[in-house]
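Take 17 as the starting number for the sequence shown in the working numbering and just add one per residue.
Glycine included, C-beta positions come from ideal geometry on N, C-alpha and C.
All of these numbers come straight from a predicted model, not from anything done at the bench.
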Amino acid sequence: NNISDKMSISIPITPTVPVRLGRAAVNGAIVTVFGASGFVARHLVSRLGGTGAQVIVPYRSSDYDVKHQRVQGDLGQIFPIKVNTKDKDSLKRAMEHSNIVINLIGRNFRTKRFSIHESNVDTAAAIAQAAKELNVPRFLHFSAQGASPQAHSQFLRSKYESELVVRDALPNATIIRPNHVYGLKDAFTNKFGMISARLPFFPIPTNPGKIQPLFITDLVHAMMYLMDDTNHVGGKTYELGGPKVYTWEEFFELIKVATNRRTHRTRSIPSLLEPLLEFSNFQRSPILTRDMFVSMKDEIVVPHGAKLTIDKMFNIKKYPLTQLDEVLPFLISHWKATHDNYSDHIINKPGTTQEDQPY
Numbered sequence: 017n018n019i020s021d022k023m024s025i026s027i028p029i030t031p032t033v034p035v036r037l038g039r040a041a042v043n044g045a046i047v048t049v050f051g052a053s054g055f056v057a058r059h060l061v062s063r064l065g066g067t068g069a070q071v072i073v074p075y076r077s078s079d080y081d082v083k084h085q086r087v088q089g090d091l092g093q094i095f096p097i098k099v100n101t102k103d104k105d106s107l108k109r110a111m112e113h114s115n116i117v118i119n120l121i122g123r124n125f126r127t128k129r130f131s132i133h134e135s136n137v138d139t140a141a142a143i144a145q146a147a148k149e150l151n152v153p154r155f156l157h158f159s160a161q162g163a164s165p166q167a168h169s170q171f172l173r174s175k176y177e178s179e180l181v182v183r184d185a186l187p188n189a190t191i192i193r194p195n196h197v198y199g200l201k202d203a204f205t206n207k208f209g210m211i212s213a214r215l216p217f218f219p220i221p222t223n224p225g226k227i228q229p230l231f232i233t234d235l236v237h238a239m240m241y242l243m244d245d246t247n248h249v250g251g252k253t254y255e256l257g258g259p260k261v262y263t264w265e266e267f268f269e270l271i272k273v274a275t276n277r278r279t280h281r282t283r284s285i286p287s288l289l290e291p292l293l294e295f296s297n298f299q300r301s302p303i304l305t306r307d308m309f310v311s312m313k314d315e316i317v318v319p320h321g322a323k324l325t326i327d328k329m330f331n332i333k334k335y336p337l338t339q340l341d342e343v344l345p346f347l348i349s350h351w352k353a354t355h356d357n358y359s360d361h362i363i364n365k366p367g368t369t370q371e372d373q374p375y
């Protein structure tokens, strides 16, 4: 079954054409996706374009960053628009016709123009306030699992603050807390694949926590579910994690095997040496900043007893979540120490094709 066959979105206006679902149709949904130059948005916009939704793609820097999004839907269905996140009128222009707004913006390192707090909190507050003034029916905010005021990581603390400012402006907003998201050309597994190629060891803090990585396809399935009004998801917070919890030592063991660097070992870095990672902030796209490193101390897993989780959204027995160890050799094969490749490694499981999707 096509994912669009079960998608039903309530809209505040009457479509001028019959609502038909499919890439070449217009189903009446107009979705603004902030943060559309990122990894998650690349997959989400593609899925939305396949359902016949019109997708508005705001971008801040160069249109080169979003040019790949134009071909994710039919002609004219994907519409990039330049915005200034510090200008409310600019934000309103990007969502004045939309009935769904999704905020995927998030940074775990500071840039020349934006601090972590400005990227994650101030921008989220501005978007939520603009959406409130426009009476946008559906608002989804992308937070992070482990977000807490007590977190070691400034990124996780700022994501918690972003939830508060969004809830203050839009009490009916849906908060999404995903774990580390991985997939082809991601910034998670590839980061550590690069570290394995450049360092003779894997750095970890003295008291590492645990993680529960989530495959990008499973995340997009869940987000399509959360965009459906009939599921009554407004005002709720969803904890989205993968099927298995890993310690950082177990995760690095998978990286070590997948990259054929079996002599690598994990090395605990004392807290006194953590300030040395501040120098990585001078890089345009740092591999490992101090904040990324200290986030390894946090328990980034689905909280025990959480009721709003990914396995409650659809039949998890019929459509099992992707296991990290099944696909990792394929995802980071280009970081492998030898010239062997995994071109014959085929991911063939329910839920990974357009014809066999859970929702």
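Check                                                                                                           : Outcome
Short Cβ contact (8 Å threshold) for Asp234 with Thr139                                                         : no
Cβ separation of Phe268 and Phe218, assumed to be a contact under 8 Å, to the nearest whole Å                   : 4 Å
Inter-residue Cα distance where the pair is Arg214 and Asn247                                                   : 46 Å
Touching by the beta-carbon criterion (3+ pairs, under 8 Å), the region 197-215 and the region 265-281          : yes
Own chain partners of Arg193 with C-beta closer than 7 Å, once the 5 adjacent residues on each side are dropped : Ser159, Ala160, Gln161, Ala163, Thr253, Tyr254, Glu255, Leu256
Those residues which DSSP pairs with Gln70 across a bridge                                                      : Ile46
DSSP three-state assignment for Ile19, whether helix, strand or coil                                            : Only weak support exists for where Ile19 lies, its pLDDT of 36 falling under 50; the coordinates are left without a value.
For Asn276, the three-state DSSP class (helix, strand or coil)                                                  : coil
C-alpha gap between Glu371 and His168, whole angstroms                                                          : Residue placement at Glu371 is poorly supported in this model, since its pLDDT is 47, which falls under 50; the coordinates still yield a value, given next. Approximately 42 Å, taken between the alpha carbons.
Among Ser77, Glu112, Trp264, Thr263, nearest to Leu376 - alpha-carbon criterion                                 : Residue 376 lies beyond the stretch modelled for the chain, which goes from 17 to 375, so this question has no answer here.
Segment limits, alpha helix (DSSP H) that includes Glu255                                                       : Per DSSP, Glu255 belongs to no alpha helix (DSSP H); it is in the beta strand (DSSP E), 253-256.
Continuous beta strand (DSSP E) stretch holding Arg76: start and end                                            : From DSSP, Arg76 is part of no beta strand (DSSP E); its letter is neither H nor E.
C-alpha gap between Val249 and Ile191, whole angstroms                                                          : 9 Å
Cβ-based neighbour list, Asp184, same chain, cut-off 6 Å, excluding 5 preceding and 5 following                 : none
CB-CB length for Pro96 against Val117, believed under 8 Å                                                       : Going by Cβ atoms, the distance from Pro96 to Val117 rounds to 16 Å, so no, they are not a contact pair.
C-beta contact flag for Met312 and Pro224 at 8 Å                                                                : yes
Contact the region 274-292 vs the region 226-233: 3+ CB pairs below 8 Å                                         : no
Coarse secondary structure for His168, derived from DSSP in three states                                        : coil
Helix, strand or coil at Ile132 according to DSSP, with G and I counted as helix                                : helix
Distance CB(Leu120)-CB(Ala203) smaller than 8 Å                                                                 : no
Contact under 8 Å by Cβ, Arg123 with Met240                                                                     : no
C-alpha gap between Lys102 and Ala142, whole angstroms                                                          : 7 Å
Alpha-carbon to alpha-carbon, Gln88 and Met243                                                                  : 19 Å
Identity of the residue in Gly258, Arg277, Leu288, Trp351 nearest Val4 by Cα                                    : Here the chain has residues from 17 to 375 only, and residue 4 is not among them.
Nearest-angstrom Cα separation, counted from Glu342 out to Ser174                                               : 33 Å
Inter-residue CB distance, Tyr75 and Ser53 (contact presumed, cutoff 8 Å)                                       : 6 Å
Contacting residues, own chain, Cβ-Cβ under 7 Å from Leu344 (five flanking each side not counted)               : Thr205, Leu270, Ala274
Beta-carbon proximity of Asp307 to Phe125, cut-off 8 Å                                                          : yes
Bounding residues of the beta strand (DSSP E) (the contiguous stretch that carries Thr190)                      : 190-194
Close beta carbons around His133, own chain, < 7 Å, minus the five adjacent residues each side                  : Ser174
Burial state of Thr48 (16 or more Cβ within 10 Å)                                                               : buried
Whole-angstrom distance between Pro221 and Leu288, CA atom to CA atom                                           : 11 Å
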